[in-house]
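Numbering (this note's numbering), first residue to last: 976 to 1193.
Here's the structure, in structure tokens; my notes come after.
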């Protein structure tokens, strides 16, 4: 399901994506309550055969290049700073795009996980672990980390390349005339979902759904 969803969202153009898929939450975010500080603990076999499987398939088979790190810890280490971001998703699977934080996750490293004493250290460790996009108020913490020598510009340069790779795939750095998807929504251009071809597909899907519902009732 995940590979089909990614292909559908990103499109089939060989050079550009229609949009960038982002999977979440990596990894083992199996509970809603207490997830801001709880730890999901399991062995290597469960990691490889169960918890990371849909994410791995999304990257290796779906062509995905972006995911969001979970709030929770895995084996006592918050996912924001887990070594598996680098060692598994990047080095083994080949992901080279965006690894982003969940909203507020930088602060939670200090307030809920109590893994670090302050935000500059949390920011530095997150960047070094592979986080290259924050859904937080991160700027002051990152600047303080730089001032304190906890983080270097080279550390930032190393991870921020992934952001630009995604921008290139979305055509954000190219002339709009070169990117086929920029025509969507333009004046006098038909909306793709309003074409007869798409309407026929929608009718077919609706017919299949009705058939399945009838079978279930019987």
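For glycine and all other residues, C-beta sits at the position ideal for the given N, C-alpha and C.
The DSSP assignment places complete alpha helix (DSSP H) segments of no fewer than 4 residues inside the stretch 1070-1101 at 1080-1086, in order along the chain. For residue 1013 and residue 1169, the gap between their C-alpha atoms comes out near 46 Å. Between residue 1094 and residue 1116, the C-beta spacing is below 8 Å. Taking a cut-off of 8 Å on C-beta distances, the stretch 1114-1130 touches the stretch 1083-1099, as three or more cross pairs fall below it. About 7 Å separates the beta carbons of residue 1100 and residue 1091, which is inside the 8 Å limit, making them a contact pair. Around the C-beta of residue 1152, fewer than 16 other C-beta atoms lie within 10 Å, and the residue is accordingly described as exposed.
Within the same chain, 1031, 1034, 1035 come within 7 Å of residue 1068 by CB-CB distance, once the 5 residues on both sides are set aside. Counting only unbroken stretches of 3 or more residues, the beta strand (DSSP E) elements lying wholly within the stretch 984-1043 are 998-1001, in sequence order. When DSSP states are grouped into helix, strand and coil, residue 1053 belongs to the strand group.
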